[in-house]
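These notes are about the structure you will find just below.
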Amino acid sequence: MKTISAPKNEVELMQRALSIAGYTLAEIANSIDVSVPCNLQRHKGWVGTLIERYLGADAGSKAQQDFAHLGIELKTLPVNRVGYPLETTFVSIAPLVANHGITWQTSHVRYKLSKVLWIPIEGERSIPLAVRRVGMPILWQPNAEQEQQLKNDWQELMDMIVLGKIEHITARHGEYLQIRPKAANGQALTEAYNESGELIMTRPRGFYLKKQFTAQILSDFLAEVHRVHR
DNA sequence: TGTTGATCATGC
DNA sequence: GCATGATCAACA
Numbered sequence: 140m141k142t143i144s145a146p147k148n149e150v151e152l153m154q155r156a157l158s159i160a161g162y163t164l165a166e167i168a169n170s171i172d173v174s175v176p177c178n179l180q181r182h183k184g185w186v187g188t189l190i191e192r193y194l195g196a197d198a199g200s201k202a203q204q205d206f207a208h209l210g211i212e213l214k215t216l217p218v219n220r221v222g223y224p225l226e227t228t229f230v231s232i233a234p235l236v237a238n239h240g241i242t243w244q245t246s247h248v249r250y251k252l253s254k255v256l257w258i259p260i261e262g263e264r265s266i267p268l269a270v271r272r273v274g275m276p277i278l279w280q281p282n283a284e285q286e287q288q289l290k291n292d293w294q295e296l297m298d299m300i301v302l303g304k305i306e307h308i309t310a311r312h313g314e315y316l317q318i319r320p321k322a323a324n325g326q327a328l329t330e331a332y333n334e335s336g337e338l339i340m341t342r343p344r345g346f347y348l349k350k351q352f353t354a355q356i357l358s359d360f361l362a363e364v365h366r367v368h369r
């Protein structure tokens, strides 16, 4: 596997991202000596890791943006044939304890979503992984309305957690941001509080962006492209 | 058949 | 277990 150095600035990062638009995952993988699995069943994060490596993101399990020196987070987004998201987007782990004093302003969700480089990629399972194509990169920052939408959902969900209602939260809570399990398996447990304020063990949860939200980002981008071309 | 809840791999 | 990267697949 070839190691690519980190992009020095935003322009360089965007040039690299643009350079793979239209190419297949196999072409990109081959160019940096990475092998392509038959499918994603046992390699769910493979596409994200591949693009990370190609663009020169510092790998690792640090709780930071992928390009921290540029203040940019990288997210690949599987889309269907008409460019609609096929999956929700994981954002960050939900803090179930020691969360007093955390505000929207200081939250991991706001930090991770403050600036995102979205890379749409064909994701239909009928298309062999190797020949799925990468789309145009979208450098995005939430507008005032989007930030308010996210903040509202985050506050509602965090309020429930702080009130000990974690076991009552389902994926149906939140319009654009939801909380769902995020763990290696059903045996994984972490601390939380119940409604009586007692410490309990529960499944770790994560914040996810619903498809409707990421679809809006893609559609806003297309609208902007069309506006500029008129 | 779309969503919700569950799960897969890896490093430390 | 947690944080990284996400998608799978059971079931309503």
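Position in the first sequence (from 1) plus 139 gives the number in our numbering.
Backbone N, C-alpha and C define an ideal beta-carbon position, used for all residues, glycine too.
- [ ] Could you pull out every residue in the same chain whose Cβ sits closer than 7 Å to the Cβ of Ala354, ignoring the five residues on either side in sequence?
- [x] Tyr223 and Pro224
Task: Alpha-carbon spacing of Pro259 relative to Thr242, whole angstroms - done: 31 Å
TODO: Report the rounded CA-to-CA distance for Arg220 versus Glu263, giving the unit in angstroms.
DONE: 8 Å
TODO: State yes or no: is the C-beta of Ile277 within less than 7 Å of the C-beta of Phe360?
DONE: yes
- [ ] For the alpha helix (DSSP H) holding Leu194, just list the boundary residues, first then last.
- [x] Trp185 to Leu194
Task: Residue from Thr227, Ala322 and Ala327 with nearest C-alpha to Arg311 - done: Thr227
TODO: Go to Ala331, then tell me how far its beta strand (DSSP E) extends in each direction, as first and last residue.
DONE: Thr329 to Tyr332
Task: CA nearest to the CA of Asp172, picked from Asn291, Thr142 and Gly240 - done: Thr142
TODO: Assuming Ile232 contacts Pro343 (C-beta within less than 8 Å), just tell me the rounded distance between them.
DONE: 7 Å
Task: 6 Å CB neighbourhood of His247 in its chain, flanking five on each side removed - done: Ser231
Task: Reduced DSSP secondary structure (H/G/I, E/B, other) of Tyr347 - done: strand
Task: contact_flag[the stretch 287-304, the stretch 194-212] where n(CB pairs < 8 Å) is 3 or more - done: no
- [ ] Quick one: measure Cβ to Cβ for Thr341 and Ile305, integer angstroms, because I've assumed they're closer than 8 Å.
- [x] 6 Å
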